[in-house]
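So the structure is just underneath, and the comments pick up after that.
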Amino acid sequence: MLYAGLATFSAKLSRAYHSFWRPHYLQKAADLWEKAELPEMAHRYGKEAVEAWEKIKENIEKDLEPIEEAWLYEEVGYIYEKAGRFKTALEYYEKAKSKYEEAYKDPHAVFTYQVDGDWNDYWGFFAQQISDFRLIYFLPDGPEENDYRRIKYRILNLKDQMKDSE
Numbered sequence: 059m060l061y062a063g064l065a066t067f068s069a070k071l072s073r074a075y076h077s078f079w080r081p082h083y084l085q086k087a088a089d090l091w092e093k094a095e096l097p098e099m100a101h102r103y104g105k106e107a108v109e110a111w112e113k114i115k116e117n118i119e120k121d122l123e124p125i126e127e128a129w130l131y132e133e134v135g136y137i138y139e140k141a142g143r144f145k146t147a148l149e150y151y152e153k154a155k156s157k158y159e160e161a162y163k164d165p166h167a168v169f170t171y172q173v174d175g176d177w178n179d180y181w182g183f184f185a186q187q188i189s190d191f192r193l194i195y196f197l198p199d200g201p202e203e204n205d206y207r208r209i210k211y212r213i214l215n216l217k218d219q220m221k222d223s224e
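Going by this note's numbering, the first residue of the sequence shown is number 59, and it counts up by one from there.
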């Protein structure tokens, strides 16, 4: 019941926030439905997350800095990964990795966006998405290392899934 209630709340948030955040909250709802052991609901909301992203991806109404693009691409990669669209997920993860490399050429700008930008929202999503999150050594004062560890983990994990599905 707890996860079902949280999933319903996340779905409501997907309608309450700007369309930019809709895919994020729909995927969170899908993940929570999965935890509630209701795979048909998880599938439904995961599909809606992909559709929501497809709808907005060409018309994002925000000017994004490289670090924000990296976070976004990492999140979108996860949405496609959960939808079983592994090739597309890998493309987004690789874009995220490239954007992280670009962003960290100016670490002061990254720090600014982590403090004043959307980092807290993404952190909440990322922390729930990686099942081994507690086992990965994320440093409180090492955002660059954390971003690289996280995207490396996602890429390696996805490649393993791709091998297993062949």
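Quick reminder that beta carbons are idealized off the backbone N, C-alpha and C, glycines included. Computed from a predicted structure; not experimentally measured.
Which residue wins for smallest C-alpha separation from K93, given the options W177, L64 and H76?
L64
Where K145 and A161 are concerned, what is the direct C-alpha to C-alpha distance, given to the nearest angstrom?
24 Å
To the nearest angstrom, report how far apart M99 and V173 are at their CA atoms.
35 Å
For E106, which residues of its own chain have a beta-carbon under 7 Å away from its beta-carbon, when the five flanking residues on both sides are left out?
L84
If you check the beta carbons only, do A69 and A87 fall under 8 Å apart?
yes
Helix, strand or coil for H76, going by three-state DSSP, please let me know.
coil
Quick one, which of A154, E95 and K221 has its alpha-carbon nearest E202's?
A154
Could you check what DSSP says for E95 in three-state terms: helix, strand or coil?
coil
Locate the alpha helix (DSSP H) running through A161, then write down its first and last residues.
F144 to A161
Alpha carbon to alpha carbon, what distance is there between Y61 and Y206?
30 Å
C-alpha gap between E132 and R212, whole angstroms:
9 Å
Can you say whether P124 is buried or exposed, counting buried as having 16 or more other CB atoms within 10 angstroms of its CB?
buried
Between the C-alpha atoms of E224 and D218, what's the straight-line distance to the nearest angstrom?
10 Å
Proximity winner among K113, H101, N117 and E159, relative to W129 (alpha-carbon distances)
E159
Counting C-beta neighbours from all protein chains within 10 Å, is the total for R80 16 or more, i.e. buried, or is it exposed?
buried
Do you know how far the Cα of K140 is from the Cα of Q187?
10 Å
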